[in-house]
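Take 5 as the starting number for the sequence shown in this note's numbering and just add one per residue. Yeah, the Cβ is synthetic: ideal placement off N, Cα and C, and Gly gets one too. Just so we're clear, the structure is a prediction, and the values are computed from it rather than from any experiment.
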Amino acid sequence: MPSRLPAMWCCSRPAAPASACSATSSTVARSSGGWCTSCRSGRGARPWRMTMSNEPNQWRERPDTPDDALIGEAQPLPGQPQMVRLSLPLFGAWAWKVLLGLIIAMYVLEVVVAKNLTPDNLTVYYLGAKWNPAISSGEYWRLISAMFLHASLLHIMFNGYSLFAVGPAVERFFGTARFLAIYFITGLAGSVASYAFSPNLSVGASGAIFGLVGALAGFFYVSRETLGEMAKQQLGSLVTVIMLNLFIGLSGGGIDNYAHVGGLVCGGVLGVLLAPRYAIDERTYPPAVVRRFLPFGWPGALAVALLLAALVGFAINPPILAVP
């Protein structure tokens, strides 16, 4: 993840129209009705940039210039404009480490039971793999337990690295509770999709990891106005990664692409529902970064989980239509 967002600048002339602003200040100009907020107040340029950091906001003021000198004729301010850095509020990230530890511990258990780095099907079955006949007979817990099992050393290395690469970013943006909700609900969605479309024995955390990727894409989608070009670039990169991995899944090799697609779609929905919305409060100087969440985010996530449970029940016990 990049550590620095593109700078956004107001123009260097007091009370200047938006056309005098630099190209990178378009978001500021739009949000204030065609004028840079600081320019409208007659205080001159207020350049700032946002960085993703847990550190408190750090500010660098302009060279000592009386406020009166900033009001009057539209002329450049003395000296070079100073950059003001806004810290993007982030959460701590630790739960992804616990999940990674559980995945590794379960793989060690598989190896011990199977006495092989590539556990056999019988071993992963007894430890909780997704197996449709067992789920149909009432062993619904397999839809979750399969997320913590892996078929080989290469399998767990790939998924473990993916969780290491994506997990911290999602947890820092969304917070621990939302991160865990996304992980387990999207993992369940992947298992449900695999149960619905694939009769094969299946294990792996990739459905949940695709869900995290989908949630991250949802975050950058809803943040594209605030984070600007960086959000659009990250969204494009994520789409490329998603398409590449889905293409690899179509190539065969025992890859459960149904679980990948199920987790990805569910992750995108949850990402939009649970992602924080950032805004710049320019009523004060220095400006402040405000973070808020949708009031229906958690109810929406619960509705998604209940829908998945209903789909499982429908698949196992389809309704019988009475024919008159």
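| request: Output the residue ranges of the beta strand (DSSP E) runs that lie fully inside the region 277-321 and measure 3 residues or longer, sorted by chain position. | output: Complete beta strand (DSSP E) runs here, min 3: 281-285, 292-296.
| query | Which word fits residue 233, buried or exposed, when buried means at least 16 other C-beta atoms lie within 10 angstroms of its C-beta? | reply | Counting the other Cβ atoms within 10 Å of the Cβ of residue 233 gives fewer than 16, which makes it exposed.
| request: Can you tell me which of 116, 117, 165 puts its alpha carbon nearest to the alpha carbon of residue 4? | output: Residue 4 lies beyond the stretch modelled for the chain, which goes from 5 to 328, so this question has no answer here.
| Could you give the distance in angstroms between the alpha-carbon of residue 260 and the alpha-carbon of residue 195? | Going by the C-alpha atoms only, they are around 10 angstroms apart.
| task | Could you name the residues of the same chain whose beta carbon sits closer than 7 angstroms to that of residue 334, not counting the 5 residues immediately before and after it, in chain order? | result | Not covered by the structure: residue 334. The range shown for the chain is 5 to 328.
| query | Of the choices 270, 209, 134, whose alpha-carbon is the least far from that of residue 312? | reply | Measuring from the Cα of residue 312, the nearest candidate turns out to be 270.
| query | Would you call residue 190 buried or exposed, if buried means 16 or more other Cβ atoms sit within 10 Å of its Cβ? | reply | Buried.
| query | Helix or strand or just coil, what does DSSP make of residue 134? | reply | When secondary structure is reduced to three states using DSSP, residue 134 falls in the strand class.
| field | Counted within 10 angstroms of its Cβ, other Cβ atoms place residue 69 as buried (16 or more) or exposed | value | Here residue 69 scores only 43 on pLDDT, less than 50, and its place in the model is too uncertain to base an answer on.
| query | Going by DSSP, what residues sit across from residue 156 in a beta bridge? | reply | For residue 156, which the question treats as bridged, DSSP gives no partner whatsoever.
| task | Please classify residue 207: is it buried, with 16 or more other beta-carbons within 10 angstroms of its beta-carbon, or exposed? | result | Buried, since its Cβ has 16 or more Cβ neighbours within 10 Å.
| message | Please return the same chain residues whose Cβ sits closer than 7 angstroms to the Cβ of residue 99, not counting the five positions on each side in sequence. | response | Apart from the 5 residues on each side of it in sequence, residue 99 sits with its Cβ closer than 7 angstroms to the Cβ of 175, 180, 183, 184 in its chain, given in chain order.
| query | residue 246 lies in the alpha helix (DSSP H); which residues open and close that run? | reply | For residue 246, the uninterrupted alpha helix (DSSP H) run begins and ends at 233-254, by DSSP.
| message | Going by DSSP, what residue range makes up the alpha helix (DSSP H) through residue 185? | response | First-last of the alpha helix (DSSP H) with residue 185: 180-201.
| Which partner residues of residue 206 appear in the DSSP bridge assignment? | DSSP output for residue 206 lists 134 as bridge partner(s).
| message | Within 8 angstroms, do at least three Cβ pairs link the region 132-141 to the region 149-167? | response | The region 149-167, when compared against the region 132-141, does touch it at the 8 angstroms Cβ threshold.
| task | Go through its chain and collect everything with a Cβ distance to residue 163's Cβ below 8 angstroms, but skip five positions before and after it. | result | Answer for residue 163: 107, 154, 208, 209, 210, 213, listed in chain order.
| task | Less than 8 angstroms between the CB atoms is what I'm expecting for residue 111 and residue 198, so what's the real figure, rounded? | result | Contact check for residue 111 and residue 198: beta-carbon distance about 19 angstroms, past the 8 angstroms limit, so the pair fails to qualify.
| request: Taking 8 angstroms as the cut-off, decide whether the C-beta atoms of residue 305 and residue 274 are in contact. | output: Yes, the pair counts as a contact, with Cβ atoms nearer than the cut-off.
| task | Using beta-carbon positions only, say whether residue 171 and residue 216 come within less than 8 angstroms of one another. | result | Taking 8 angstroms as the Cβ cut-off, residue 171 and residue 216 qualify as a contacting pair.
| Same chain, Cβ closer than 7 angstroms to residue 139, five either side skipped, listed in chain order | If we look at residue 139 and ignore the five residues flanking it on each side, its Cβ neighbours are 146, 147, 199.
| query | How many whole angstroms separate the CB atoms of residue 90 and residue 293, which I take to be in contact at a CB cut-off of 8 angstroms? | reply | At roughly 5 angstroms, the Cβ-Cβ gap stays under 8 angstroms, so residue 90 and residue 293 are in contact.
| task | Locate the alpha helix (DSSP H) running through residue 101, then write down its first and last residues. | result | According to the DSSP assignment, residue 101 belongs to the alpha helix (DSSP H) that extends over 99-118.
| Between residue 144 and residue 268, what straight-line distance do the alpha-carbon atoms span, to the nearest angstrom? | For the pair residue 144 and residue 268, the Cα-to-Cα distance works out to about 21 angstroms.
| query | What number of angstroms, rounded off, separates the C-alpha of residue 238 from the C-alpha of residue 228? | reply | Cα to Cα, the separation comes out at about 10 angstroms.
| task | Drop a sphere of 10 angstroms on the beta-carbon of residue 310, count the other beta-carbons inside from all chains shown, and report buried for 16 or more, exposed for fewer. | result | Residue 310 comes out exposed.
| field | Local conformation of residue 227 per DSSP, three classes | value | Taken through DSSP and simplified to helix, strand or coil, residue 227 comes out as coil.
| message | I need the straight-line Cα distance from residue 92 to residue 115, nearest angstrom please. | response | Looking at the backbone, the Cα of residue 92 and that of residue 115 are separated by about 43 angstroms.
| said: Quick check on residue 243: buried or exposed, where buried means 16 or more other Cβ atoms within 10 Å of its Cβ? | reply: Exposed is the label assigned to residue 243, since fewer than 16 other Cβ atoms lie within 10 Å of its Cβ.
| query | Do residue 121 and residue 157 have their C-beta atoms within less than 8 angstroms of each other? | reply | Cβ distance < 8 angstroms, so residue 121 and residue 157 count as in contact.
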